[in-house]
Amino acid sequence: MSDAAAETTSIVLAGVGGQGILLASGILAQAAMQAGYDVKTNEVHGMAQRGGSVVAHVRYGTAVHSPLVARGTASVLGALEQVEALRFAEFLGPGGLAVVSAQAIVPVTVSSGAAKYPRDVESLLHQAFPKLAYIRAAEAAASLGGVQAANIVLLGAMSKGLDLPVRAWKEAIAVSVRERFRDLNLRAFDLGRGMI
Amino acid sequence: MRRLLSGNEAIARGAFEAGVTVAAGYPGTPSTEILESLARYPDVYCEWSPNEKVAFEVAAGASLAGARSIVTMKHVGLNVAADPLMTLSYISVEGGFVACVADDPGMHSSQNEQDTRNYARFAKIPLFEPSDSQEAKELIKLALQVSEDFKTPAILRTTTRISHSRSLVEIEERTASPKKIGLVRDPPRFVPLPLWGRTMRKKVEERLLRLQAMANSANRIEWRERELGIITHSIAYQYARDVWPDASILKLGMSYPFPDALIRQFAAGVKSLLIVEELDDFIEQHVRALGISCRGRDIVPGIMELSVDRLLESRALLEGGAAEPAGPPPFADRLPPRPPVLCPGCPHRGIFYALGKKDVVVTGDIGCYSLGAFPPLDRMDSILCMGAGISMAHGLEKAGEARPVVGIVGDSTFFHSGITGLLDIAYNRGSSTIIVLDNRTTAMTGHQDHPGTGRTLQGEAVHAARIEDFGRACGLQRIFSIDPYNLEQSEEVIFREIEAKEPSLIVSRAPCPLRERRMVGPSRSIDGDGCRGCELCLDLGCPAIEGGCGRPHINQTLCAGCGLCQQVCPAGAIQEGERA
Chain A
4 MSDAAAETTS
14 IVLAGVGGQG
24 ILLASGILAQ
34 AAMQAGYDVK
44 TNEVHGMAQR
54 GGSVVAHVRY
64 GTAVHSPLVA
74 RGTASVLGAL
84 EQVEALRFAE
94 FLGPGGLAVV
104 SAQAIVPVTV
114 SSGAAKYPRD
124 VESLLHQAFP
134 KLAYIRAAEA
144 AASLGGVQAA
154 NIVLLGAMSK
164 GLDLPVRAWK
174 EAIAVSVRER
184 FRDLNLRAFD
194 LGRGMI
Chain B
916 MRRLLSGNEA
926 IARGAFEAGV
936 TVAAGYPGTP
946 STEILESLAR
956 YPDVYCEWSP
966 NEKVAFEVAA
976 GASLAGARSI
986 VTMKHVGLNV
996 AADPLMTLSY
1006 ISVEGGFVAC
1016 VADDPGMHSS
1026 QNEQDTRNYA
1036 RFAKIPLFEP
1046 SDSQEAKELI
1056 KLALQVSEDF
1066 KTPAILRTTT
1076 RISHSRSLVE
1086 IEERTASPKK
1096 IGLVRDPPRF
1106 VPLPLWGRTM
1116 RKKVEERLLR
1126 LQAMANSANR
1136 IEWRERELGI
1146 ITHSIAYQYA
1156 RDVWPDASIL
1166 KLGMSYPFPD
1176 ALIRQFAAGV
1186 KSLLIVEELD
1196 DFIEQHVRAL
1206 GISCRGRDIV
1216 PGIMELSVDR
1226 LLESRALLEG
1236 GAAEPAGPPP
1246 FADRLPPRPP
1256 VLCPGCPHRG
1266 IFYALGKKDV
1276 VVTGDIGCYS
1286 LGAFPPLDRM
1296 DSILCMGAGI
1306 SMAHGLEKAG
1316 EARPVVGIVG
1326 DSTFFHSGIT
1336 GLLDIAYNRG
1346 SSTIIVLDNR
1356 TTAMTGHQDH
1366 PGTGRTLQGE
1376 AVHAARIEDF
1386 GRACGLQRIF
1396 SIDPYNLEQS
1406 EEVIFREIEA
1416 KEPSLIVSRA
1426 PCPLRERRMV
1436 GPSRSIDGDG
1446 CRGCELCLDL
1456 GCPAIEGGCG
1466 RPHINQTLCA
1476 GCGLCQQVCP
1486 AGAIQEGERA
């Protein structure tokens, strides 16, 4: 890897279609831009979004080439669903921080009996991630009156593992969400940031 | 001012800045957001056409009038528009004309992995390939200029990773095209009757030579160390920069016609040459034809998309080591797959569930409903391309298939290329049962309007074309509309029509709840005491009904309230409302 690549910070966000992963990655990219970095992101649209696994990549630094994160290079992995955290675990680099929301969304493959949801998922998470923040993002967001802000709670917790100033995060949230949800999302971010 | 834009948004911005006034397209991942984004700018007429061929011809007509125009589609859409493409190359264009075509290496949301670069060579027209959003904006502008200067259609080819990656883009002002609008009559130029067409044929070849000789800023050499030189393009350029930071690079932004002189100069300046390209060995074959030896397809995979990880394996092979394919991620064997599924409340679900009760052949089509092929619904036997759900049903039946044949298409797909198939069934006395799953939108690509929705891309209220009317116009006698949330009625009509000797058209109509952003009805729950554990409700494949450990229960945050599960429960254990 080049020096430029080494100076590039990589983040992976994972979840299930409909959980707000793409909004979260958009805010993260916006925050990096506000902080003066070159930024690239990637996300998959279309068929993949229909209740399937969703993953978004964000990279920022002085000059970013690939918009995709290579295996074993992410500084932070954030996930809104536990199995999805494990599915994309290989992206996290040595010493990287994993922030995982304690949420289980049962895939249809499990309901139809074709596969099993691991019963010991929490223990698997601890084995897969030496630096694990296992948070209750959905409950935290619900306590603020908006369970859909779980993605922003997650971002708040992830922000502790990144070197972006809080001001940049808040500006990014302000420009990325609708005005009537702004206050809720700013509080969700603070709540998440306080969890680590 | 710089903004964070996706490749698609950057193409739209570039088209706007370049003075494009007419744009048409048909939705298709990963191309859809180009036109959605352009439609929000002032002074640009944008439309969703019924299909890519129509869209292509609309933009071509605008170009002949002198307007700068673009047409947008996914890679397979260009197959539909290949007819006008091949001859527009002959009759040439007046206002700049660019076909923006998005490929899908890795088949994230597509039925095949074709490489659109071949079409540029096939049609003998210039090809532009951006590597990030800034270049996407620059190259659409360059493509429009080259198109106008050389009177040639051009292709701007992106891939999923270009179209759907965001990066920073410098925003500039719009420059209006100085061309006057109005077709200047010139039949020898615009009418390819053989007499005139043969002259056009020669001009196409001469034009290619002039394009090849043209100086352009899109192809550039980045000299670094001379040990290894890499010729690359599109997103592969970004991966190559990360994997071979010290190598010299010839980056092709205008990758057809091939810049032979530049390729020779670059090859002569490096010790060894490597071609890093995604999908076909398009560049490599040409480099070899020039008599230049190189590595490429022998170490860079040509199936599925590239990545930094895959190119690190190529690098290991190039340096004489063995590729070390990464092992599976931790606990991979313990993770349940999560493929895309029909959403909770999807009106298509009940139709597939009903068809599951009959021994019929189901020819499917392209759209959300292709997900009806997965278990537990598992009720689709074939998919070929847009519209084939209807025509292939007819062919199966004419071949003597013993079971009744049911063809399934969506509403947008019906308008795209289903009407001619239906006409064929009526004309040639077929007996298939055609079901149009009309959810009042082009759902899979993110809810675009179409001729049946009563609204245009730019928000005008218009006449909503009715599918039943087309059936009548084709000459069908058996035409029925059903409410797919009423399972009993749906089954009654479908089972009756399957047995009919004449062809039938069944329109299953209910709006996509994802677009409507509202519940279909009150959410349902399962009464733990009443549930017998038969798990029939799980046969619906609804993501809101969670099973697999103990008796099924309904996830209240996911349930859309369609009530299908209540209709299939033999114990009457599923009711409206939440239960303690």
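First to last, the sequence lines map onto chains A and B.
Reminder that position 77 of the first sequence reads as 80 in the working numbering, one-by-one numbering, no gaps.
Reminder that position 93 of the second sequence reads as 1008 in the working numbering, one-by-one numbering, no gaps.
All C-beta atoms, glycine included, are put in the ideal place defined by N, C-alpha and C.
Give the range of the beta strand (DSSP E) segment to which residue i is assigned.
| i | result |
| --- | --- |
| B:Ala939 | 937-940 |
| B:Trp963 | 960-963 |
| B:Gln1490 | 1489-1491 |
| B:Glu1085 | 1080-1085 |
| B:Asp1047 | Run containing B:Asp1047: none; DSSP gives neither H nor E here. |
Hey, how far is the Cα of residue i from the Cα of residue j?
| i | j | result |
| --- | --- | --- |
| B:Arg1466 | B:Cys1446 | 8 Å |
| B:Thr1147 | B:Asp1018 | 17 Å |
| A:Ala101 | B:Gln1363 | 37 Å |
| A:Leu31 | A:Ser56 | 20 Å |
| B:Ile1214 | B:Pro1093 | 49 Å |
| A:Gln37 | B:Glu1087 | 20 Å |
| B:Val1106 | B:Phe1267 | 49 Å |
| B:Ala1376 | B:Ser1423 | 23 Å |
| B:Phe931 | B:Val1275 | 50 Å |
| B:Leu1352 | A:Ala136 | 45 Å |
| B:Ile1164 | B:Glu1137 | 5 Å |
| A:Ala34 | B:Ala1091 | 34 Å |
| B:Cys1283 | B:Gln1490 | 28 Å |
| A:Ile108 | B:Ser1187 | 51 Å |
| B:Ala1182 | B:Gly1236 | 24 Å |
| B:Pro1458 | B:Asp1339 | 38 Å |
| B:Ala1038 | A:Gly20 | 39 Å |
Compute the distance between the beta-carbons of residue i and residue j, then report whether it is under 9 Å.
| i | j | result |
| --- | --- | --- |
| B:Ser1048 | B:Glu1239 | no |
| A:Tyr103 | A:Phe132 | With the sequence shown as reference, residue 103 of chain A is identified as Val, and Tyr is not the correct amino acid for it. Against a cut-off of 9 Å, the Cβ pair of A:Phe132 and A:Val103 comes out as a contact. |
| B:Pro1045 | B:Ala1069 | no |
| B:Ile1409 | B:Ile1349 | no |
| B:Gly1325 | B:Asp1280 | yes |
| B:Ser1170 | B:Arg1076 | no |
| B:Met1499 | B:Met1301 | For chain B, the structure presents residues 916 to 1495; residue 1499 of chain B sits outside this window and is missing. |
| B:Gly940 | B:Leu950 | yes |
| A:Ser114 | B:Ile1460 | yes |
| B:Lys1095 | B:Ser1007 | no |
Short of 6 Å in beta carbon distance, which residues of its chain neighbour residue i, apart from the five on each side in sequence? Order them along the chain.
| i | result |
| --- | --- |
| B:Leu979 | Glu1009, Leu1098 |
| B:Arg928 | Lys1052 |
| A:Lys134 | Leu100 |
| B:Val1435 | Gly1260, Pro1428, Ala1475, Gly1476, Cys1477 |
| B:Phe1043 | Leu1054, Ala1058, Leu1071, Met1169 |
| B:Ala996 | Glu967, Lys968, Phe971 |
| A:Asn188 | Ala152, Ile155, Ile176, Val180 |
What are the boundary residues of the alpha helix (DSSP H) that includes residue i?
| i | result |
| --- | --- |
| B:Lys1272 | Element bounds for B:Lys1272: n/a, residue is neither H nor E. |
| A:Thr112 | 111-114 |
| B:Asn1354 | From DSSP, B:Asn1354 is part of no alpha helix (DSSP H); its letter is neither H nor E. |
| B:Cys1389 | 1382-1389 |
| B:Gly976 | 967-979 |
| B:Ser1132 | From DSSP, B:Ser1132 is part of no alpha helix (DSSP H); its letter is neither H nor E. |
Near residue i, which residues of its chain fall below 8 Å by C-beta distance, leaving aside the five closest residues on each side in sequence?
| i | result |
| --- | --- |
| B:Pro999 | Lys968, Phe971, Glu972, Ala975 |
| A:Phe192 | Ile155, Val156, Leu158, Gly159, Ser162, Trp172, Lys173, Ile176 |
| B:Gln1153 | Ser1046, Asp1047 |
| B:Pro1102 | Trp1111 |
Can you pull the chain E residues whose beta carbon is under 8 Å from the beta carbon of residue i, in chain order?
| i | result |
| --- | --- |
| B:Arg1424 | In the displayed structure, chain E is absent; the protein chains listed are A and B. |
Comparing the CB of residue i with every heavy atom of the ligand NAP, is any distance shorter than 8 Å?
| i | result |
| --- | --- |
| B:Pro1216 | Absence of the ligand NAP is noted for the structure shown, with no ligands found whatsoever. |
Closer than 7 Å by C-beta to residue i: which residues in its own chain qualify, once you throw out the five before and the five after it? Chain order, please.
| i | result |
| --- | --- |
| B:Gly1462 | Glu1450, Leu1453 |
| A:Ser162 | Trp172, Arg196 |
| B:Pro1366 | Pro965, Phe1330, Ala1380 |
Give, in chain order, every residue of the segment 1192-1224 of chain B whose Cβ lies closer than 8 Å to some Cβ of chain A.
-> Going along the segment 1192-1224 of chain B in chain order, one finds Ser1222, Val1223, Asp1224 with a Cβ nearer than 8 Å to chain A.
Just by C-beta distance, which residues in the segment 1243-1256 of chain B are closer than 7 Å to chain A?
-> Within the segment 1243-1256 of chain B, the qualifying residues are Pro1244, Pro1245, Phe1246, Arg1249, Leu1250, Pro1251, Pro1252, Arg1253, Pro1254, Pro1255, Val1256.
Could you please tell me which residues of the segment 1356-1388 of chain B, in chain order, have their CB closer than 8 Å to any CB of chain A?
-> Met1359, Thr1360, Gly1361
Please name the residues in the segment 141-166 of chain A whose beta-carbon is closer than 8 Å to at least one beta-carbon of chain B, in chain order.
-> Val150
Selection of the segment 1055-1082 of chain B by Cβ proximity to chain A, strictly under 8 Å | Thr1075, Arg1076, His1079, Ser1080, Arg1081, Ser1082
Identify each residue in the segment 1017-1029 of chain B for which the Cβ-Cβ distance to at least one residue of chain A is less than 8 Å, and report them in chain order.
-> His1023, Ser1024
Positions along the segment 102-123 of chain A whose CB lies within less than 7 Å of some CB in chain B | Val109, Pro110, Val111, Thr112, Val113, Ser114, Ser115, Gly116, Ala117, Ala118, Lys119, Tyr120, Pro121
Of the residues that make up the segment 1155-1166 of chain B, which ones have a beta carbon closer than 7 Å to any beta carbon in chain A?
-> Arg1156, Asp1157, Pro1160
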